[in-house]
Every structure is written in C-alpha cells, then in structure tokens.
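Note that this note's numbering has the sequence shown beginning at 84, numbered continuously upward. Cβ atoms here follow ideal geometry from the backbone N, Cα and C, with glycine treated the same way. Have a look at the structure below, then the notes.
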Amino acid sequence: QVQLVESGGGLVQPGGSLRLSCAASRSLSSFFSMAWYRQAPGKERELVAQSTSGRNTKYAESVKGRFTISGDNGKNMLYLQMNSLKPEDTAVYYCNAFVVAPYQWNYWGQGTQVTVSS
C-alpha cells in the first residue's frame with residue numbers, strides 16, 4: 084500500500100510563494116508518474132503539474148512560469164514550488180502517484196489547503 088502525505092499549505096497573500104511537499108512511502112522511481120492536482124470549491128479536480136519517469140514535466144497553462152514540480156529520490160519527496168500566487172490558485176492541492184504494474188492505479192494524498200487572499 085502506498086501512502087502519500089502532503090504538507091506546506093496555508094494562507095498567503097497575492098504575489099507570495101509557498102512550497103508544497105509530498106512524502107511518499109516508497110521510492111519515487113517506483114512510480115510511472117507523479118503529479119499535483121487541485122480542486123477549488125464547486126470545481127472539478129484539475130492537473131496542475133506532472134512529472135513522468137522523473138524526466139518529462141507538464142504544467143497547466145494557468146501555472147506555467149509560476150509553479151515548478153520537482154522530486155528528491157533520496158528522500159522520497161515530491162515538491163511543488165508556487166510563486167506569484169493568485170487568488171484563483173486557492174484550492175485543496177493533492178499529491179498523486181500513478182503506477183502501471185502489475186496494474187494501473189492512482190494513489191492520492193489527503194490534500195492540503197492553499198488559500199491566496201489579502
């Protein structure tokens with residue numbers, strides 16, 4: 084069983100920065116991809132940033148140039164550096180890990196709240 088535990092959320096003013104962390108219970112290299120998703124009130128969960136095979140990254144258009152996904156294999160940690168935060172970034176942020184063997188499965192963390200407000 085894989086466990087993902089997010090931390091680092093909180094209240095920040097517009098223009099500020101936060102770094103989210105996700106602690107995984109096993110090596111990041113054991114996952115096909117890892118990602119951050121978010122869900123705002125009344126909206127569907129959306130992909131924010133994804134790293135596939137530890138090399139290829141993908142970002143939502145709304146966060147390109149502001150957010151950076153990274154990982155530390157030695158610590159089994161995934162990060163999301165968020166800069167120039169906007170009120171529309173307010174959401175619960177979820178860590179995701181996707182495996183393809185022995186079957187395809189998505190693992191999710193419990194989420195961490197990010198609120199951008201003055």
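Nearest to residue i (by Cα), restricted to the options the options
i      : options                       : result
Ser153 : Gly192, Leu94, Ser116         : Ser116
Ala184 : Ser90, Leu94, Arg102, Ser112  : Ser112
Met119 : Glu89, Lys169, Asn156, Pro170 : Reading the sequence as shown, one finds Trp at residue 119 and not Met. Here the closest residue by C-alpha is Glu89.
Other residues of its chain near residue i: CB distance less than 6 Å, five sequence neighbours each side excluded
i      : result
Arg149 : Asn166, Ser167
Leu94  : Thr198
Thr173 : Thr198, Val199
Gln122 : Arg128, Ala174, Val175
Residue i, DSSP secondary structure in three states
i      : result
Ser113 : helix
Gly98  : coil
Gly93  : strand
Ser104 : strand
Val197 : strand
Tyr186 : coil
Contacts around residue i, its chain only, beta-carbon distance under 8 Å, and the 5 residues preceding and following it disregarded
i      : result
Gly137 : Leu111, Ser112, Gly154, Asn156
Cutoff 7 Å; reference residue i; Cβ partners in own chain excluding five residues on either side
i      : result
Ala180 : Val85, Leu87, Ala107, Phe114, Met117, Tyr190
What are the start and end residues of each continuous beta strand (DSSP E) run of 3 or more residues lying completely inside the stretch 118 to 181, in chain order? Along the stretch 118 to 181, the beta strand (DSSP E) occurs as fully enclosed runs of 3 or more residues at 129 to 135, 139 to 142, 150 to 155, 160 to 165, listed in sequence order.
At least 3 beta-carbon pairs within less than 8 Å: the stretch 184 to 195 vs the stretch 125 to 133: Because the criterion of three Cβ pairs below 8 Å is not met, the stretch 184 to 195 and the stretch 125 to 133 do not touch.
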